[in-house]
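Reading through the structure tokens given below for one structure.
Next up, the structure:
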């Protein structure tokens, strides 16, 4: 720990203005449900422009173009299929909309060509049963899984308290602290 850091004064909370919840949640889900499978977290999908491949070669072109490619939260290589997982703690519509696009891109992803003969299964991971999500998902070919550790449920429940006076003051204080520390 840095000597200039005073946890007794500032605490050890997040240093970013935005919390990255879903990657940690997906990792915990994978660890519990697919511990022995080949897994790619934040897996980039889609083709790489031929122009970049000619200029840099396939490997470097993939690295150069990665920021422009969509990423699925997790891709699990199962014995007879490819499983793509998108986790959404709040924006369920985004997850439902993204998964079919991701599925279409799997077969067009150069890094995944070795698995191109396998069917693609789509999973949407949500923290609690949401009736409209469960009603719409089957028509889109998406399987919905409700799974969340306690810390995800706690964050999910924070949403209801977001606009309370206490929560607004706490957010303002955190933002001011991060600004003073140079994180903004």
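Numbering (the working numbering), first residue to last: 704 to 887. Every residue, glycine too, gets a C-beta built ideally from N, C-alpha and C. This one's a predicted model, so the numbers in the text were calculated from it and none came from an experiment.
When we look at the beta-carbon of residue i and count the other beta-carbons within 10 Å, is it buried (16 or more) or exposed?
i           : result
residue 710 : Legend: pLDDT at residue 710 = 45, less than 50; position of this residue unreliable, value from coordinates given subsequently. When all chains shown are included, residue 710 counts as exposed.
residue 784 : exposed
residue 869 : exposed
residue 865 : exposed
residue 835 : exposed
Relative to the alpha-carbon of residue i, which residue among the options has its alpha-carbon at the smallest distance?
i           : options               : result
residue 776 : 862, 856, 784 and 798 : 798
residue 848 : 770, 856 and 837      : 837
residue 805 : 782, 795 and 778      : 778
residue 810 : 800, 879 and 786      : 786
residue 762 : 751, 772 and 771      : 751
Are the beta-carbon atoms of residue i and residue j separated by less than 9 Å?
i           : j           : result
residue 755 : residue 767 : yes
residue 859 : residue 841 : no
residue 732 : residue 850 : yes
residue 808 : residue 845 : no
What number of angstroms, rounded off, separates the C-alpha of residue i from the C-alpha of residue j?
i           : j           : result
residue 725 : residue 769 : 20 Å
residue 759 : residue 883 : 42 Å
residue 765 : residue 878 : 36 Å
residue 723 : residue 857 : 15 Å
Cβ contact (3+ pairs, closer than 8 Å) linking the stretch 781-791 and the stretch 823-833 | yes
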